[in-house]
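*Asks:* Shown below is the structure under consideration.
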Amino acid sequence: MTGIIFNPDPEKTGDFMYCLMKELYPICRSITGDGVRKTLTIIKKHVPLNIVEVHSGTQVFDWKIPKEWNIKDAYIKNLSGERIVDFNKSNLHVLNYSIPVNKKISFEELRSHLYALPDYPDWIPYLSSYYQENWGFCITQNQLQNMNDQYYDVCIDSNLKSGFLTYGEFFIQGELNEEILFSCYLCHPSVCNDSLSGVVLLTYLAHELNTIKPKYSYRFLFIPETIGAISWLCLNENCLKNIKFGLVVTCVGDNGISTYQKTKQGDNLIDKIVEKVLIDSGKDFNLRNFNPSGSDERQYSSPGINLQMGSLMRTPYGDYPEYHTSADNLELVDSNSLADSFKKYLDVIYIVENNGIYLNLNPKCEPQLGRRGLYDMIGGRRELLFDKEGLFWVLNFSDGTYSLLDIAIRSGMKFSDIKLTADILLEHGLLRKVL
Amino acid sequence: MTGIIFNPDPEKTGDFMYCLMKELYPICRSITGDGVRKTLTIIKKHVPLNIVEVHSGTQVFDWKIPKEWNIKDAYIKNLSGERIVDFNKSNLHVLNYSIPVNKKISFEELRSHLYALPDYPDWIPYLSSYYQENWGFCITQNQLQNMNDQYYDVCIDSNLKSGFLTYGEFFIQGELNEEILFSCYLCHPSVCNDSLSGVVLLTYLAHELNTIKPKYSYRFLFIPETIGAISWLCLNENCLKNIKFGLVVTCVGDNGISTYQKTKQGDNLIDKIVEKVLIDSGKDFNLRNFNPSGSDERQYSSPGINLQMGSLMRTPYGDYPEYHTSADNLELVDSNSLADSFKKYLDVIYIVENNGIYLNLNPKCEPQLGRRGLYDMIGGRRELLFDKEGLFWVLNFSDGTYSLLDIAIRSGMKFSDIKLTADILLEHGLLRKVL
Amino acid sequence: MTGIIFNPDPEKTGDFMYCLMKELYPICRSITGDGVRKTLTIIKKHVPLNIVEVHSGTQVFDWKIPKEWNIKDAYIKNLSGERIVDFNKSNLHVLNYSIPVNKKISFEELRSHLYALPDYPDWIPYLSSYYQENWGFCITQNQLQNMNDQYYDVCIDSNLKSGFLTYGEFFIQGELNEEILFSCYLCHPSVCNDSLSGVVLLTYLAHELNTIKPKYSYRFLFIPETIGAISWLCLNENCLKNIKFGLVVTCVGDNGISTYQKTKQGDNLIDKIVEKVLIDSGKDFNLRNFNPSGSDERQYSSPGINLQMGSLMRTPYGDYPEYHTSADNLELVDSNSLADSFKKYLDVIYIVENNGIYLNLNPKCEPQLGRRGLYDMIGGRRELLFDKEGLFWVLNFSDGTYSLLDIAIRSGMKFSDIKLTADILLEHGLLRKVL
């Protein structure tokens, strides 16, 4: 991909991702089950995914793959037979991984199975109980307040049976075996920014990268959070040595500013690359340190795995009130924000692919740029064009220790301009690429 | 002491120290003499001190122990025979270490032996002349202005004779020979915050620590400033290799905020510990760099001794106007401030004793905490309790390089919470202590 | 020079430099030619320069010495025969290095050879075309607007012939062969702050340093910018190993605050020295990072040369609007600013010559300063004089690792005070110089 710059039409890009999100949004996903399969089937239309099924009961490090969960319907009916809570209206209404239930019970008994958000009376919370058998309904505070009957019919038509945990994986072999890992999670039901925005961004990124032959290899994981990451890591331990670094992709669709959560070490190459992409974007951004109670970087950066994983988001999970509620919906995300995030991921890949260390072949004083047509012939006023300034930076710092990224950071110039400058100097025989 | 937290009643603690200070305050101390002996005898009621006497004339590094100084009485009488300056009213009235004098002299001659503070007309300055024979009176500016007679009777009934320099030492043998040094100075006469506050805090600290068997050894020095530190260092050079680090204790009784003066290197373990104690206290504090014209850390940190000595104070000597005057008295200090300082010293010892490096025994991804009852079973909303957050921090960073203190600093959580978390994980077989 | 402090009369100093500048200002200089020779002849009255001539066509690294350029006269006459642009009024009127021309041409044709500054209608720009044969006139915007004739007589009575590039060099052999490099450029015609201010400062500095026998050797270069630096470096590659560090001297005559441009590495000894000089000056100053499109530090710091070169200026080239125009004239600079800059260069040399590492010969605790008359005998009030504070700093940190400069930086005391303190301790046998 050296020299190739993706420059996709932002409108097209954003629309593609937003449409895909609309298609995926209604599906009731969980950490296992047909919702995940259906989601992967849709992604596979765009990316030739390898779909993997791991048997229930398989030991993955300290964990066991749980039984597979599927659900057909769920409701609470009042005494008039009216569905006052209906899974068909929102799959968030069911405590995710609820065991089956079908009975008439008193409101008193039902109450301990109801979850609502008093501070946001119109929103349904998103809750789950994967590893402790339980059932429940997540409802709005308004629904809760209107429940005046003494008895209700409750039904959750779900089943928990030995089956599989399903995930998708896509690998692009580059010139080098060294690979970059992108990981998103697809276990959340109808929520958009958390989880789904990462899924649609990675789908499109994988689709685009698949059209070229990159220098590095790239791996894309579409997995359930936590148990999926643990499963993949356990089943692919022999792959880990090739992973140079990676990013966990989520919360990339809202209109907040970009936030980069650094790797555990905080000063790895991927950290420098993402920070430079954000600086070069010319837009505001936040940096935050690694936090061991975040998303799957918790697993990737655990002491026995020790991958360098950052996370490039917009507003991080937990920092916006709609997080893990029904308000994290199609209105919270927009195609412009998705496109902007996508562009930043492309820019990260651009630096990954195009960074390098060069050697000034004329290291004693400056080469005479004018003779080579690289310098304005009327000197005196230092009205250098941008790229001319870059010539001096690249020549002066290409001593075999500074990479183009280092030079771009130090000079404050955009990486892409420094790369272009290096290309020009290379053409004129003034540089040699050493790494 | 692993796991033991001192939690003394602050009121009792403060009262004990304040009462002891009231008892010690009137004694006329100096760098040698019976005032020091009397002070040590009182301390010995609480702590089984070892009292050491060093002969006058003994060479201690570049210094010689001076003659011993004692004083019975001193006054200036006017022509009416009235004591207008009286040692019995304040022992500060005598230039400390004054040679005997007893004569009638002209005011003119006397004037060069009088010291007052024009800016604080009610305060008596505290001055000394240890190494150049001299005599003098320290008086208030008001007293000076009222001296209208032409002649005065002056009497200082002191003596300077070959004798001893006296100091007290208390050592607690811990499980390890590695020791922590606490040093205060007891050479000041009736001043409270400077000098005496450190003496009473260390008396109580030694008394409390003496009730347990700590991991580290602890040494407490009650010595005259400068010459005492030099003497102890000279006579105990073979002990120095065991000293891990230490603190000079003074100015701990006023109601100002805590101030920590760092060690010479500034980033030693004791520096990290004290800074964390101050952060965890939730109260304002100041940090300041090592200064070679401070107290006994000057000697402890001299290039040929090179101990790591910080100083945890409240308002430092020299930063409050009452310093080295009669206004540094029982009203400047209070039992609450003493108790607060004491608590911080205990917290320092708590970290010293309880810090350690642990190894996550399940380093590949997270262990399944839910199965072990360590994690709420309804997931989704990240309303983790404080200690749950800590679980992730301790597990993720216990790779054999981060100590609990490092983890507490990095996470921003209190050291005591991180320690508690490590204990829980240890109980569940998820951690092993390695150091 | 150990112990010697230059303390020249600032008024005399400033006047000397300003008068020299007035003498040099009218000369039409370029990168070659008689203007440079005339300038060096004047400098030689004050400093026994070695004047070097390098043949046109000589290969110097990637460059060739160009033909020598000289000029006698130049003008534009209107149809009335009136000189509307006259080289005799300002040598900036000619595009520096213009080839000869003598013809009547239409205004239309002439226009592409005219340069003016629309934003500063009274100023003549300073422009050159060294390496591409061209001719042109630099005029004020007002002159341009008054050119209403259709035809003009243009004459540039210059010549470009094989000849020499000329530069001056002065070397002072010190006790050590290690040398400090000062470099200024004398290729600019009638501009003052850029270029000439550096020339007059270095002339005076060389003149003063020539009166003593310094510890280090000093080299002063009076060269044309870029091609001169490249020539000197190429012809003196074997000298480079002796160069410890150096400064490029320019823009030292305006009344702006001092600006130090750091070396490429940014934390070399010369960087610490200049920053300390600026701090000790008690005046405001700016620091800025190395920039590879600056002056001759571009050549000195190129990867194959790699000298440590900073630049101590006042307002840097490019940061003031008069830069490279006729407004960078004798009014823009003043003798006080020149004297202030000169003093700072002397202070740099003072630290270079007097810095050193000492060893405390009494490293265990403090030596008894009182016995040696180095400490006030009435102790207690910490009203230490400045130098007494320094005694403790020098003694405590003279462990063989801290230099006097390190101690001065760490203590915040002036370098000269720390040096004085070290001298006193040396006299008393308390220190030994180790480096």
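Chains as they are written, first to last, in the numbering used here: chain W, 1227 to 1661; chain X, 1227 to 1661; chain F, 1227 to 1661.
C-beta: ideal position from N, C-alpha, C; glycine also.
So which residues of chain X does Trp1619(F) contact, with C-beta pairs closer than 7 Å?
*Replies:* For the purposes of this step, residue 1619(F) is identified with residue 393 of the third sequence, where counting begins at 1. Under the 7 Å cutoff, chain X gives Pro1518.
*Asks:* Could you check whether the Cβ of Tyr1357(W) sits closer than 8 Å to any Cβ belonging to chain X?
*Replies:* Position 131 of the first sequence, counting from 1, holds the residue named residue 1357(W). Closer than 8 Å: yes.
*Asks:* DSSP three-state call for Ala1553(F): helix, strand or coil?
*Replies:* To locate residue 1553(F), count along the third sequence from 1; it is residue 327. Three-state DSSP puts Ala1553(F) in coil, outside helix and strand.
*Asks:* Does the stretch 1541-1553 of chain W come close enough to the stretch 1391-1402 of chain W that 3 or more CB-CB pairs lie under 8 Å?
*Replies:* Flag = no, the stretch 1391-1402 of chain W and the stretch 1541-1553 of chain W do not touch.
*Asks:* What residues from the stretch 1521-1539 of chain W come within 9 Å of chain X, judged by C-beta to C-beta, listed N to C?
*Replies:* Taking 9 Å as the Cβ-Cβ cut-off against chain X, the residues of the stretch 1521-1539 of chain W that qualify are Arg1524, Gln1525, Tyr1526, Ser1527, Ser1528, Pro1529, Gly1530, Ile1531, Asn1532.
*Asks:* How is the beta strand (DSSP E) around Asp1448(W) delimited, first residue to last?
*Replies:* On the first sequence, position 222 is the one that residue 1448(W) refers to. In the sequence under discussion, the amino acid at residue 1448(W) is Phe, which differs from the Asp named in the question. Residues 1443-1449.
*Asks:* For a test of your reading of the model: does the CB of Lys1290(W) fall under 7 Å from any non-hydrogen atom of the ligand FMN? Yes or no.
*Replies:* Among the ligands in the structure shown, none appear at all, so the ligand FMN cannot be discussed.
*Asks:* So, are the CB atoms of Lys1293(W) and Ser1388(W) less than 8 Å apart?
*Replies:* Working through the first sequence from its first residue, we reach residue 1293(W) at position 67. Working through the first sequence from its first residue, we reach residue 1388(W) at position 162. Yes, the pair counts as a contact, with Cβ atoms nearer than the cut-off.
*Asks:* Which residues in chain A have a C-beta closer than 7 Å to the C-beta of Ile1456(X)? List them in chain order.
*Replies:* In the structure shown, chain A does not exist; the protein chains are W, X and F.
*Asks:* With C-beta atoms as the reference, is Asn1581(W) less than 8 Å away from Leu1621(W)?
*Replies:* Here residue 1581(W) refers to the residue found at position 355 when the first sequence is read from its first residue. Here residue 1621(W) refers to the residue found at position 395 when the first sequence is read from its first residue. No, Cβ-Cβ distance for Asn1581(W) and Leu1621(W) is not below 8 Å.
*Asks:* For Leu1407(X), which residues of its own chain have a beta-carbon under 6 Å away from its beta-carbon, when the five flanking residues on both sides are left out?
*Replies:* Here residue 1407(X) refers to the residue found at position 181 when the second sequence is read from its first residue. Taken in chain order, the residues that qualify are Arg1445, Ile1469, Gly1472.
*Asks:* Which residues in chain F have a C-beta closer than 7 Å to the C-beta of Asp1625(W)? List them in chain order.
*Replies:* Residue mapping note: residue 1625(W) aligns to position 399 of the first sequence, counting from 1. Under the 7 Å cutoff, chain F gives Pro1529.
*Asks:* Could you spell out the range, first to last residue, of the beta strand (DSSP E) harbouring Thr1485(X)?
*Replies:* As a working mapping, residue 1485(X) is identified with position 259 in the second sequence. Counting along the chain, the beta strand (DSSP E) containing Thr1485(X) begins and ends at 1484-1487.
*Asks:* Can you tell which of Ile1302(W), Ile1310(W), Leu1533(W), Asp1241(W) has the C-alpha that lies nearest to the C-alpha of Asp1379(W)?
*Replies:* Sequence index remark: in the first sequence, residue 1379(W) carries index 153 (1-based). Selected option, being the one with the closest Cα: Ile1302(W).
*Asks:* Answer yes or no: do Asn1304(X) and Cys1381(X) have a C-beta to C-beta separation smaller than 8 Å?
*Replies:* Numbered from its first residue, the second sequence carries residue 1304(X) at position 78. Numbered from its first residue, the second sequence carries residue 1381(X) at position 155. The answer is no: Cβ separation not under 8 Å.
*Asks:* Give the straight-line distance between the Cα atoms of Gly1508(W) and Ser1484(W), rounded to the nearest whole angstrom.
*Replies:* Working through the first sequence from its first residue, we reach residue 1508(W) at position 282. Working through the first sequence from its first residue, we reach residue 1484(W) at position 258. Each residue's alpha carbon lies about 11 Å from the other.
*Asks:* Spell out a yes or no on whether the stretch 1560-1569 of chain F and the stretch 1258-1269 of chain X are touching, meaning 3 or more CB-CB pairs, one atom from each, closer than 8 Å.
*Replies:* No contact exists between the stretch 1560-1569 of chain F and the stretch 1258-1269 of chain X.
*Asks:* Output yes if chain F places a C-beta closer than 8 Å to the C-beta of Ala1597(W); else output no.
*Replies:* Walking along the first sequence from the start, residue 1597(W) turns up at place 371. Going by the sequence as given, residue 1597(W) is Arg instead of Ala. With 8 Å as the cut-off, Arg1597(W) counts as an interface residue toward chain F.
*Asks:* Suppose only complete runs of 4+ residues qualify. What are the alpha helix (DSSP H) ranges in the stretch 1283-1349 of chain X, listed by chain order?
*Replies:* You should have 1333-1337.
*Asks:* Given a cut-off of 8 Å, decide if Tyr1356(F) and Ile1257(F) are closer than it, judged by their beta-carbon atoms.
*Replies:* For the purposes of this step, residue 1257(F) is taken as residue 31 along the third sequence, with counting starting at 1. For the purposes of this step, residue 1356(F) is taken as residue 130 along the third sequence, with counting starting at 1. Result yes, Cβ atoms of Ile1257(F) and Tyr1356(F) sit closer than 8 Å.
*Asks:* What are the start and end residues of each continuous beta strand (DSSP E) run of 3 or more residues lying completely inside the stretch 1396-1480 of chain X, in chain order?
*Replies:* Segments of the beta strand (DSSP E) lying fully in the stretch 1396-1480 of chain X: 1405-1411, 1443-1449, 1469-1474.
*Asks:* Mapping DSSP to helix, strand and coil, what is Asp1383(F)?
*Replies:* Counting from 1 along the third sequence, the entry for residue 1383(F) is found at position 157. It is a strand residue.
*Asks:* Please state if the CB of Val1417(F) and the CB of Phe1363(F) are separated by a distance shorter than 8 Å.
*Replies:* For the purposes of this step, residue 1363(F) is taken as residue 137 along the third sequence, with counting starting at 1. For the purposes of this step, residue 1417(F) is taken as residue 191 along the third sequence, with counting starting at 1. Contact: no.
*Asks:* Given this structure, state the Cα-to-Cα distance separating Tyr1530(W) from Ser1521(W), to the nearest angstrom.
*Replies:* If you number the first sequence from 1, residue 1530(W) lands on position 304. If you number the first sequence from 1, residue 1521(W) lands on position 295. According to the sequence displayed, residue 1530(W) carries Gly and not Tyr. Looking at the two C-alpha atoms, the distance is approximately 17 Å.
*Asks:* Does the stretch 1452-1465 of chain F come close enough to the stretch 1283-1299 of chain F to have 3 or more Cβ pairs within less than 8 Å?
*Replies:* Yes: at least three Cβ pairs fall under 8 Å.
*Asks:* Mind pulling the chain W residues with CB within less than 7 Å of Phe1287(F)?
*Replies:* Here residue 1287(F) is taken as the residue at index 61 of the third sequence, counted from 1. Simply Lys1590, Cys1591.
*Asks:* Nearest CA to the CA of Phe1448(W): which residue from Tyr1393(W), Leu1466(W), Asn1464(W)?
*Replies:* Here residue 1448(W) is taken as the residue at index 222 of the first sequence, counted from 1. Out of Tyr1393(W), Leu1466(W), Asn1464(W), Tyr1393(W) has the C-alpha closest to the C-alpha of Phe1448(W).
*Asks:* Return no unless some Cβ of chain W is closer than 8 Å to the Cβ of Gln1487(X).
*Replies:* Taking the second sequence and counting its residues from 1, the one referred to as residue 1487(X) is at position 261. Chain W, which has no Cβ nearer than 8 Å to the Cβ of Gln1487(X), makes this no.
*Asks:* Using the beta-carbon count (16 or more within 10 Å), is Thr1239(F) buried or exposed?
*Replies:* As a position in the third sequence, residue 1239(F) is number 13, starting the count at 1. Thr1239(F) comes out buried.
*Asks:* Using a C-beta cutoff of 8 Å, does Leu1513(X) count as contacting chain F?
*Replies:* Here residue 1513(X) corresponds to residue number 287 of the second sequence, with the count starting at 1. Chain F, which has no Cβ nearer than 8 Å to the Cβ of Leu1513(X), makes this no.
*Asks:* From Tyr1411(X), Asn1419(X), Cys1413(X), pick the residue whose C-alpha is nearest to that of Tyr1549(X); which is it?
*Replies:* Taking the second sequence and counting its residues from 1, one reaches residue 1549(X) at position 323. Comparing Cα-Cα distances from Tyr1549(X) to each of Tyr1411(X), Asn1419(X), Cys1413(X), the minimum goes to Asn1419(X).
*Asks:* Going by beta carbon distance, what residues of the same chain come within less than 8 Å of Tyr1341(F), once the five residues before and after it are set aside?
*Replies:* One-based indexing of the third sequence puts residue 1341(F) at position 115. Cβ within range, chain order: Leu1321, Pro1351, Leu1353, Gly1362, Phe1363, Cys1364, Ile1365.
*Asks:* Between Leu1459(F) and chain W, is there a C-beta pair that is closer than 8 Å?
*Replies:* Along the third sequence, one-based indexing puts residue 1459(F) at 233. Yes, Leu1459(F) lies at the interface with chain W (some Cβ there is under 8 Å from its Cβ).
*Asks:* Would Glu1615(X) count as contacting chain W if we go by Cβ distances under 8 Å?
*Replies:* Here the question's residue 1615(X) lines up with position 389 in the second sequence. Judged by the 8 Å Cβ criterion, Glu1615(X) is in contact with chain W.
*Asks:* Where Pro1326(F) and Trp1295(F) are concerned, what is the direct C-alpha to C-alpha distance, given to the nearest angstrom?
*Replies:* The count along the third sequence starts at 1 and reaches residue 1326(F) at position 100. The count along the third sequence starts at 1 and reaches residue 1295(F) at position 69. Taking the straight line from one Cα to the other gives about 10 Å.
*Asks:* Looking only at its chain, what residues have a beta carbon closer than 7 Å to the beta carbon of Ala1432(X), apart from the 5 residues adjacent to it on each side?
*Replies:* For the purposes of this step, residue 1432(X) is taken as residue 206 along the second sequence, with counting starting at 1. Same-chain partners within the cutoff: Val1273, Phe1396, Phe1446.
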